[in-house]
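Asker:
Numbering (full-length UniProt numbering), first residue to last: 1 to 95.
(1) In terms of residues, what are the limits of the alpha helix (DSSP H) holding residue 28?
(2) Since residue 18 and residue 29 are thought to touch, with beta carbons under 8 Å apart, how far apart are those beta carbons, to the nearest angstrom?
(3) By DSSP, does residue 40 sit in helix, in strand, or in coil?
(4) Rounded to whole angstroms, what's the CA-CA distance from residue 73 to residue 5? Just pull it up for me.
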């Protein structure tokens with residue numbers, strides 16, 4: 001139950017902060033949301049890549065950077081294609 005409550009509060013605070021920031025810089029909340037989402041999804045990758053490079057594996061960090069973006073874009077495009085095709089339940093469609 002604590003996880004659900006935490007998710008609720010994080011979501012509520014994030015939406016309110018995004019709305020306040022959108023009003024402050026006079027930008028559309030949807031555009032700002034996409035920008036913040038893109039930035040937020042890359043921070044974890046950056047931290048992992050820096051840690052891998054500091055551990056003495058710089059080539060592995062570069063490969064992780066390339067592969068993670070490829071997997072992300074392929075996954076997002078596949079989900080969009082299924083949604084566009086009218087597939088509501090991906091598990092049932094693949095079974």
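Where a beta carbon is used, it is the ideal one built from N, C-alpha and C, also for glycine.
Answerer: Based on what the coordinates show:
(1) Here residue 28 belongs to no alpha helix (DSSP H), and DSSP marks it neither H nor E.
(2) The Cβ separation is near 6 Å, so the contact holds.
(3) helix
(4) 31 Å
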